[in-house]
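What follows is one structure encoded as structure tokens, with my remarks underneath.
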Amino acid sequence: MFEKILENVAAKTPLVHCITNYVTVNDCANILLACGASPIMADDSGEVVEMTSICSALDINIGTLNQRTIESMHLAGQKANQLSHPVVLDPVGAGASSLRTNAAHGLLETIHFSVIRGNISEIKTVAQGNGTTKGVDADGNDAVTEDNLEKVVAFAKGLSEKTGAVIAITGAIDIVADAEHAYAIRNGNALMSKITGTGCMLTAVIAGYCGANPDNLLDATAAAVCAMGLCGELAFDKLQKTDGGTSTYRTYLIDAMSKMNTELLNGGIKIENR
Amino acid sequence: MFEKILENVAAKTPLVHCITNYVTVNDCANILLACGASPIMADDSGEVVEMTSICSALDINIGTLNQRTIESMHLAGQKANQLSHPVVLDPVGAGASSLRTNAAHGLLETIHFSVIRGNISEIKTVAQGNGTTKGVDADGNDAVTEDNLEKVVAFAKGLSEKTGAVIAITGAIDIVADAEHAYAIRNGNALMSKITGTGCMLTAVIAGYCGANPDNLLDATAAAVCAMGLCGELAFDKLQKTDGGTSTYRTYLIDAMSKMNTELLNGGIKIENR
Amino acid sequence: MFEKILENVAAKTPLVHCITNYVTVNDCANILLACGASPIMADDSGEVVEMTSICSALDINIGTLNQRTIESMHLAGQKANQLSHPVVLDPVGAGASSLRTNAAHGLLETIHFSVIRGNISEIKTVAQGNGTTKGVDADGNDAVTEDNLEKVVAFAKGLSEKTGAVIAITGAIDIVADAEHAYAIRNGNALMSKITGTGCMLTAVIAGYCGANPDNLLDATAAAVCAMGLCGELAFDKLQKTDGGTSTYRTYLIDAMSKMNTELLNGGIKIENR
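Chains as they are written, first to last, in this note's numbering: chain A, 46 to 319; chain B, 46 to 319; chain C, 46 to 319.
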């Protein structure tokens with residue numbers, strides 16, 4: 046169903062500016078190349094405005110943020126907004142420290158994000174807003190299950206309405222929603238949580254897909270979530286045939302993305318409208 | 046012999062806060078996940094106190110230290126001490142520059158470390174203390190061999206008595222000692238020195254094992270050293286069956302850690318009391 | 046033809062100080078080990094002078110430069126010049142932002158580089174000099190082809206004469222030139238551009254080879270370019286026999302470097318004098 050999304054990525058080779066963490070930055074660069082995009086990593090406040098200007102999308106990931114890079118995130122995000130480039134936020138660890146929570150909220154106040162992707166806990170933190178305002182009501186549970194799916198979908202739609210961003214909540218079941226439509230996606234494999242960076246890599250791929258499809262952010266995001274989850278499944282299938290462990294699994298995951306195409310995606314996609 | 050150590054890791058999934066270098070940080074995160082722990086990397090002074098508070102152990106690695114992160118190491122280390130979390134020091138490159146040597150000594154003055162792991166040269170630098178005091182007498186040789194083993198064991202025990210930390214000196218033969226007991230461990234493979242990060246990864250695993258076994262730091266450290274060395278052997282065995290090189294070896298090493306268990310460990314462990 | 050170059054690397058295990066970007070730093074460290082060198086990564090201004098002093102060569106890569114590390118690059122470069130250590134510049138992204146372009150030019154003003162390696166666009170930016178001076182005339186095209194090869198060779202020789210550095214322009218065809226001699230090298234594989242870091246890794250290997258061959262920088266650089274390109278070919282051949290993707294390709298590339306030797310190199314080298 047996402048033929049056009051993938052076609053645009055292949056045709057445009059979108060350049061993605063990433064201000065991201067140093068833990069998974071190499072994986073993000075490699076999966077961007079694997080998915081048909083091209084990465085630029087730059088985080089000095091003296092160059093991020095120029096760098097983001099020559100790109101098609103901006104990926105802001107707060108995984109190892111510091112005072113210096115927070116400023117760069119603001120500068121780059123504002124410029125990307127001026128240029129109407131898709132801007133994707135990965136609020137890694139929001140809620141775990143005040144610095145991260147406040148940084149995420151500060152970014153949301155000055156930048157319009159096209160997509161926000163995180164686990165349910167990070168997205169809830171984002172939703173709670175700064176200061177005393179509770180903002181969108183977040184479901185109390187920390188995992189998306191069949192039981193609370195409807196509530197999480199409603200939460201995601203509400204947050205999208207509030208922020209204007211497509212909301213991607215990833216976990217055992219993934220939710221991708223704008224204010225009016227939502228997808229529930231059941232691709233993926235539990236082993237993805239045993240390697241670092243699957244979330245960061247997904248966010249980078251979302252930025253790449255959105256960079257090539259700026260007029261269809263909901264579907265671009267959903268396609269990236271499906272593709273990444275399916276790569277997790279394909280990598281697991283391959284791992285079963287060897288006696289590899291988690292590091293081999295990481296290799297197979299990125300390998301799978303470098304071979305992803307519409308036929309593979311449509312053959313393995315597990316998505317429903319909600 | 047380390048059944049309980051591994052059981053506790055599996056049961057607790059200890060969260061390890063790493064302030065570490067950007068060269069091997071991805072490998073450290075992945076091997077922590079592989080060994081049954083969970084990593085948090087954060088180095089901004091504005092969040093390290095909160096981050097270390099929600100963890101079970103702290104890993105301080107000075108591999109690419111800078112003025113900003115040295116301050117963060119002090120703040121996190123002191124907080125971890127207040128909370129009685131195990132704190133592990135990897136004095137990467139201590140002795141190679143004044144900044145590193147002084148940073149290591151400065152950290153040792155304000156933080157009580159649970160474990161200090163390095164090669165013989167780094168540990169000697171740590172032992173010499175700040176300023177003119179020579180402190181614990183270090184053996185003159187730069188490799189641990191059968192010939193100087195007894196002297197190095199005595200040195201390690203002395204340094205442990207002085208610092209209160211378990212001392213892990215790794216090389217062809219590994220020594221793990223507290224003030225009264227020492228282990229000599231002969232697991233490992235020479236190829237481990239042909240990939241970057243085996244030392245950093247080991248320190249991270251030690252932090253994970255200690256985080257789950259705060260009351261048995263000597264055995265937790267020894268178990269981690271044995272496990273890592275055995276992974277190096279298992280990875281080498283597997284490499285012999287393929288025509289892989291050093292990058293494949295790195296993959297196999299982390300793979301092996303993701304499959305390590307008590308049965309494997311007890312089947313391959315090469316440890317003796319000294 | 047590069048027997049002596051490789052012999053010296055094997056005999057000396059040159060220690061290479063890298064001030065490099067955090068995207069590909071792990072790959073650079075691993076390929077340095079794979080090629081028979083040894084890496085030290087250190088970027089704090091308080092230690093780079095000491096660190097570079099104990100090394101045989103310095104690799105300055107501006108891939109994720111910032112104000113702090115630019116200063117360190119200057120300090121280390123000047124010290125390496127004083128000690129007559131080979132200093133290699135990788136002007137990653139020069140031309141993409143003023144900060145990078147100015148940083149590259151600033152480094153060239155205060156440091157004598159032994160080798161400058163980049164793609165044609167980066168090298169042209171380097172050649173244009175600071176301010177209004179156009180300096181060496183750069184060819185207008187952005188790829189080295191059979192058609193413009195002669196012009197690019199002349200450009201490279203001219204830039205070498207101006208800077209005193211060996212110039213390595215890498216792409217589908219690689220040019221390595223000093224003021225009087227040039228090599229055209231046709232090793233390599235197109236898939237190398239689908240993983241991050243092949244350029245950075247090559248620059249690191251050049252630094253390693255030059256560190257062991259300070260009196261033969263042109264051939265050391267050409268040997269490194271041939272070796273890296275041949276690794277790209279060997280990795281691709283191996284990939285064809287498995288169903289691997291780009292991440293496996295990266296693993297095979299570094300694997301190939303860990304197995305490179307004179308016999309392999311001479312069997313696969315595609316080099317001509319120009």
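We put the beta carbon where it would ideally sit given N, CA and C, even for glycine. Since the model is a prediction, treat every value here as computed from it, not as a measurement.
Extent of the continuous beta strand (DSSP E) run through residue i
i, result
"asparagine 71 of chain A", "Here asparagine 71 of chain A belongs to no beta strand (DSSP E); instead the alpha helix (DSSP H) covers 70-79."
"arginine 162 of chain A", "160-163"
"asparagine 106 of chain B", "102-106"
"isoleucine 214 of chain B", "211-214"
"aspartate 135 of chain C", "132-135"
"asparagine 318 of chain B", "316-318"
"isoleucine 220 of chain C", "219-222"
Other residues of its chain near residue i: CB distance less than 8 Å, five sequence neighbours each side excluded
i, result
"valine 197 of chain C", "Ile165, Asp184, Val189, Ile214, Ile220"
"valine 61 of chain A", "Leu77, Ala82, Ser83, Pro84, Ile85, Cys100, Ser101, Ala102, Leu103, Asp104, Ala249, Ala252, Gly253, Gly256"
"isoleucine 50 of chain A", "Tyr254, Ala257, Asn258, Asn261, Asp264, Ala265, Ala268"
Alpha helix (DSSP H) segment containing residue i, residue limits
i, result
"aspartate 88 of chain A", "It is not in any alpha helix (DSSP H) - aspartate 88 of chain A carries neither H nor E in the DSSP assignment."
"glycine 253 of chain C", "243-257"
"asparagine 53 of chain B", "48-57"
"histidine 119 of chain B", "112-127"
"isoleucine 272 of chain A", "Inspection of the sequence shows that residue 272 of chain A is occupied by alanine rather than by isoleucine. 262-286 is the span of the alpha helix (DSSP H), which, as asked, contains alanine 272 of chain A."
"glutamate 308 of chain B", "307-313"
"valine 198 of chain B", "194-208"
"tyrosine 67 of chain C", "Careful: tyrosine 67 of chain C lies outside any alpha helix (DSSP H) and carries neither H nor E."
Chain-ordered chain A contacts of residue i [CB-CB under 7 Å]
i, result
"lysine 196 of chain C", "What lysine 196 of chain C touches in chain A: nothing, since even the nearest Cβ is about 27 Å away."
"valine 68 of chain C", "Val70, Asn71, Ala74, Met86"
"threonine 109 of chain C", "Met86, Ala87, Asp88"
"arginine 145 of chain C", "Glu92"
"lysine 304 of chain B", "Gly290"
Residue i vs residue j beta-carbon contact at 8 Å
i, j, result
"leucine 153 of chain B", "threonine 97 of chain B", "no"
"leucine 120 of chain B", "valine 94 of chain B", "yes"
"asparagine 306 of chain C", "isoleucine 240 of chain B", "no"
"threonine 243 of chain B", "aspartate 300 of chain C", "no"
"cysteine 271 of chain A", "cysteine 73 of chain A", "no"
"aspartate 135 of chain B", "isoleucine 115 of chain B", "no"
"isoleucine 156 of chain A", "glutamine 112 of chain A", "no"
"serine 142 of chain C", "glutamate 167 of chain A", "no"
"aspartate 89 of chain C", "leucine 144 of chain B", "yes"
"threonine 296 of chain B", "threonine 293 of chain A", "yes"
"alanine 79 of chain A", "methionine 302 of chain A", "yes"
"alanine 55 of chain C", "leucine 110 of chain C", "no"
"histidine 226 of chain A", "asparagine 311 of chain A", "no"
"serine 159 of chain A", "valine 133 of chain A", "yes"
"glycine 289 of chain A", "asparagine 234 of chain A", "no"
"asparagine 71 of chain A", "asparagine 71 of chain C", "yes"
"alanine 280 of chain C", "leucine 298 of chain C", "yes"
Interface residues of chain C facing residue i [CB-CB closer than 9 Å]
i, result
"asparagine 71 of chain B", "Asn71"
"glutamine 112 of chain B", "Asp89, Ser90, Gly91, Arg113"
Contacting residues, own chain, Cβ-Cβ under 7 Å from residue i (five flanking each side not counted)
i, result
"alanine 224 of chain B", "Lys202, Ser205, Glu206"
"arginine 231 of chain C", "Ile218, Lys315"
"leucine 247 of chain B", "Arg162, Thr215, Ala269, Val270, Met273"
Within chain A, partners of residue i - CB distance below 9 Å
i, result
"leucine 78 of chain B", "Ser238, Lys239, Ile240, Thr241, Thr291"
"threonine 296 of chain B", "Gly289, Gly290, Ser292, Thr293, Arg295, Thr296"
Amino acids of chain B, ordered along the chain, whose beta-carbon sits closer than 9 Å to that of residue i
i, result
"alanine 141 of chain A", "Ile85, Ala87, Glu92, Glu95, Met96, Ile99"
Residue i beta carbon near the ligand FAD (any heavy atom closer than 7 Å)
i, result
"alanine 222 of chain C", "Questions concerning the ligand FAD fall outside what the structure shown contains, since it holds no ligand whatsoever."
Cβ shell of residue i (< 6 Å), same chain only, five flanking positions each side left out
i, result
"isoleucine 212 of chain B", "Ile161, Ala201, Leu204, Ser205, Ala222"
"isoleucine 228 of chain C", "The amino acid occupying residue 228 of chain C in the given sequence is tyrosine; isoleucine does not appear at that position. Cβ neighbours of tyrosine 228 of chain C beyond the five flanking positions: Val221, Ala267, Ile316."
"methionine 163 of chain C", "Note that residue 163 of chain C is glycine in the sequence shown here, rather than methionine. Same-chain partners within the cutoff: Pro136."
"proline 259 of chain B", "Pro131"
"valine 181 of chain A", "Residue confidence for valine 181 of chain A is low, a pLDDT of 45 falling below 50, so the modelled location carries little weight; the figure read from the coordinates is stated next. Only Ala172, Gly203, Leu204, Lys207 meet the Cβ criterion."
"threonine 178 of chain B", "Reliability fails at threonine 178 of chain B, whose pLDDT of 41 lies under 50, so the model's placement of it is uncertain and no value is given."
"glycine 313 of chain B", "Leu275"
"glutamate 48 of chain C", "Thr307"
Within chain B, partners of residue i - CB distance below 7 Å
i, result
"alanine 301 of chain C", "Gly290"
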